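Asker:
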Amino acid sequence: MEVDQSIDEKKSDYRPFSLKRWNACAVWTWDVECDTCAICRLQLMEECLRCQADATKGPERDPPPPVVTKAGRVTRVANNHLIINETPSPPPPSSTPSSTSSSMAATAGSSSTSPSASGECVVVWGDCSHSFHNCCMAQWVKQNARCPLCQQDWAVARVGK
Amino acid sequence: MINLQKRIKGVDENKKYMDTRICIREKLLTEEVKDLERTLMGDKVCRLTFPSPGVLHEMHLTITPNDGFYKGGIYHFDIKVPAEYNNVPPVVKCLTRVWHPNINEDGAICLSLLRENSLDAFGWRPTRNMTEVVHGLASLFTDLMDFDDPLNQQAAEQYQQNRNNFESKVRDYIYKYARQ
Numbered sequence: 001m002e003v004d005q006s007i008d009e010k011k012s013d014y015r016p017f018s019l020k021r022w023n024a025c026a027v028w029t030w031d032v033e034c035d036t037c038a039i040c041r042l043q044l045m046e047e048c049l050r051c052q053a054d055a056t057k058g059p060e061r062d063p064p065p066p067v068v069t070k071a072g073r074v075t076r077v078a079n080n081h082l083i084i085n086e087t088p089s090p091p092p093p094s095s096t097p098s099s100t101s102s103s104m105a106a107t108a109g110s111s112s113t114s115p116s117a118s119g120e121c122v123v124v125w126g127d128c129s130h131s132f133h134n135c136c137m138a139q140w141v142k143q144n145a146r147c148p149l150c151q152q153d154w155a156v157a158r159v160g161k
Numbered sequence: 001m002i003n004l005q006k007r008i009k010g011v012d013e014n015k016k017y018m019d020t021r022i023c024i025r026e027k028l029l030t031e032e033v034k035d036l037e038r039t040l041m042g043d044k045v046c047r048l049t050f051p052s053p054g055v056l057h058e059m060h061l062t063i064t065p066n067d068g069f070y071k072g073g074i075y076h077f078d079i080k081v082p083a084e085y086n087n088v089p090p091v092v093k094c095l096t097r098v099w100h101p102n103i104n105e106d107g108a109i110c111l112s113l114l115r116e117n118s119l120d121a122f123g124w125r126p127t128r129n130m131t132e133v134v135h136g137l138a139s140l141f142t143d144l145m146d147f148d149d150p151l152n153q154q155a156a157e158q159y160q161q162n163r164n165n166f167e168s169k170v171r172d173y174i175y176k177y178a179r180q
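Structure below.
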């Protein structure tokens, strides 16, 4: 902060000093006590252990559509699916190889925006401000309706990402 | 949950469910066992082994207390981790015969954190892990010994009536059953 030394005392609006410049600083954190699910011990931003286990076995039975998470990153499932898609489809006879790949990319881009069931692994916050994967907590609440971290009665405050 | 209609069609939902549960258990145990082996490194009281190679959910725990009534005894425990881990606690059985208020002579153990359905904060919760279980079992021979909520009623009563008799029976059991 720099203080203006040249004060015109004859002026009626007398000020002992004036602010010439200032730099604002801000800090931010997630509004959660911790970013890992204490039940499955994975990051809350990722899918829970159960959903990941289901996803790894999933493609053999019924292949899920490509998934883009809300954070915007393409998941592994989506990458696998893109590879599967590209191999069997024959290139249009009239087009050159370069135009084929660009049309493929367009198809992949449009389909990856569609929502899917495996993208529904969300986070749940309790009144006690502890957070878990909704899937993990749903399993535990069936057994014991209290927060595993603080033992308070479990009441859902918010569900989402 | 079994869905009868799907069962008739040959869809075994239970198997699919169990496959997922087992997959979860294996992933949890891989991490927990790594931590546990690190904590037990150089530990003279607890020793953990895996009877079948590559099977993480069956463990053998040996506790050799270095203090208290049970000093000098060698106690063997069989730990089995159910497929529903970590919603349910591991199942532990004491293989060594012991005169103890919280372990009966059949090897059943009364330890709060191994209780699946508990109304207090001391029971099992998914936030607990194998390290807590092993330390809990080791403390059962020292500071977690509880004469007020006994499983072996006779042992607890004997302790309350005559401490020396209790102690000599413990030594007798160590001599007879807990030397290797």
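Protein chains in written order, with UniProt numbering: chain Z, 1 to 161; chain G, 1 to 180.
Backbone N, C-alpha and C fix where the C-beta goes; we use that ideal spot for every residue, glycine too.
Note that this is a predicted model, so its numbers are computed, not measured.
Mind listing the chain Z neighbours of residue 125 of chain G? Cutoff is C-beta to C-beta under 7 Å, in chain order.
Answerer: What residue 125 of chain G touches in chain Z: 148.
Asker: Answer yes or no: do residue 75 of chain G and residue 46 of chain G have a C-beta to C-beta separation smaller than 8 Å?
Answerer: No, the pair does not count as a contact, with Cβ atoms beyond the cut-off.
Asker: Pick helix, strand or coil for residue 24 of chain G, following the three-state DSSP scheme.
Answerer: Here residue 24 of chain G sits in helix by DSSP.
Asker: Would residue 221 of chain G pass as an interface residue toward chain Z - the criterion being a Cβ-Cβ separation below 8 Å?
Answerer: Because chain G spans 1 through 180 in this model, residue 221 of chain G falls outside it and cannot be assessed.
Asker: If I follow the unbroken beta strand (DSSP E) through residue 156 of chain Z, where does it start and stop?
Answerer: Taken as a continuous stretch (DSSP letters only), the beta strand (DSSP E) holding residue 156 of chain Z covers 156-160.
Asker: Whose C-beta lies closer than 7 Å to the C-beta of residue 140 of chain Z among residues of the same chain, with five residues either side of it excluded?
Answerer: Result list for residue 140 of chain Z: 39, 148, in chain order.
Asker: Kindly list, in the order they appear in chain G, the residues whose Cβ is closer than 8 Å to that of residue 127 of chain Z.
Answerer: Neighbours of residue 127 of chain Z on chain G: none; closest Cβ ~17 Å, over 8 Å.
Asker: Is it the case that the stretch 11-29 of chain G contacts the stretch 149-159 of chain G, given that we only count it when at least three CB pairs across the two stretches are under 8 Å?
Answerer: No, the stretch 149-159 of chain G is not in contact with the stretch 11-29 of chain G.
Asker: Applying a beta-carbon distance threshold of less than 7 Å, which residues of chain Z neighbour residue 23 of chain G?
Answerer: The answer, in chain order, is 53.
Asker: Within 8 Å of any Cβ in chain G, is that where the Cβ of residue 19 of chain Z sits?
Answerer: Chain G contact via Cβ: absent.
Asker: Please check the pair residue 110 of chain G and residue 117 of chain G, which I expect to be a contact at CB under 8 Å, by giving their CB distance rounded to whole angstroms.
Answerer: That belief does not hold up - the Cβ atoms of residue 110 of chain G and residue 117 of chain G are roughly 14 Å apart, past 8 Å.
Asker: Whether or not the stretch 85-93 of chain G and the stretch 21-29 of chain G are in contact is what I'm after, with contact meaning three or more pairs of Cβ atoms, one per stretch, closer than 8 Å; do they touch?
Answerer: Touching, yes.
Asker: Could one say the Cβ of residue 145 of chain Z lies closer than 8 Å to chain G's Cβ atoms, at least one of them?
Answerer: Taking Cβ atoms only, chain G never reaches closer than 8 Å to residue 145 of chain Z, which makes this a no.
Asker: Where does residue 32 of chain G land, buried or exposed, given buried means 16+ other C-beta within 10 angstroms?
Answerer: With 16 or more other Cβ atoms within 10 Å, it is buried.
Asker: What does DSSP give as the partner residue(s) for residue 43 of chain Z in the beta ladder?
Answerer: In the DSSP output, where bridge partners are listed per residue, residue 43 of chain Z has Z:36.
Asker: Just to make sure I have the definition right: I need the residues of chain Z whose C-beta is within less than 9 Å of the C-beta of residue 31 of chain G. Which are they?
Answerer: The contacting residues are 41.
Asker: With three or more C-beta pairs closer than 8 Å as the rule, is the stretch 165-176 of chain G touching the stretch 57-65 of chain G?
Answerer: No: the two stretches stay apart, fewer than three of their Cβ pairs being nearer than 8 Å.
Asker: Residue range of the beta strand (DSSP E) that residue 79 of chain G falls in?
Answerer: 75-80 is the span of the beta strand (DSSP E), which, as asked, contains residue 79 of chain G.
Asker: Determine the burial state of residue 58 of chain G: buried for a count of at least 16 other Cβ atoms within 10 Å of its Cβ, exposed for fewer.
Answerer: The residue in question, residue 58 of chain G, is exposed, as its Cβ has fewer than 16 Cβ neighbours within 10 Å.
Asker: Locate the beta strand (DSSP E) running through residue 145 of chain G, then write down its first and last residues.
Answerer: It is not in any beta strand (DSSP E) - residue 145 of chain G carries neither H nor E in the DSSP assignment.
Asker: By Cβ distance below 7 Å, which residues in the same chain neighbour residue 37 of chain Z in space, the five residues on each side in sequence not counted?
Answerer: Same-chain partners within the cutoff: 44, 48, 132, 133, 136.
Asker: For chain G, is any of its Cβ atoms less than 8 Å away from the one on residue 38 of chain Z?
Answerer: Answer yes: the Cβ-Cβ gap between residue 38 of chain Z and chain G drops below 8 Å somewhere.
Asker: At which residues does the beta strand (DSSP E) containing residue 170 of chain G begin and terminate?
Answerer: Per DSSP, residue 170 of chain G belongs to no beta strand (DSSP E); it is in the alpha helix (DSSP H), 163-177.
Asker: Go ahead and pull the three-state DSSP assignment for residue 112 of chain G.
Answerer: DSSP places residue 112 of chain G in helix when its eight states are reduced to three.
Asker: Residue 131 of chain G and residue 39 of chain G: beta carbons closer than 8 Å?
Answerer: Going by C-beta atoms, residue 131 of chain G is nearer than 8 Å to residue 39 of chain G.
Asker: Exposed or buried, which one is residue 25 of chain Z when buried takes at least 16 other CB atoms within 10 Å?
Answerer: The residue in question, residue 25 of chain Z, is exposed, as its Cβ has fewer than 16 Cβ neighbours within 10 Å.
Asker: Classify residue 55 of chain G: buried if its beta carbon has 16 or more other beta carbons within 10 angstroms, exposed otherwise.
Answerer: Residue 55 of chain G should be labelled exposed.
Asker: Using beta-carbon positions only, say whether residue 123 of chain G and residue 137 of chain G come within less than 8 Å of one another.
Answerer: Not in contact: residue 123 of chain G and residue 137 of chain G (Cβ atoms no closer than 8 Å).
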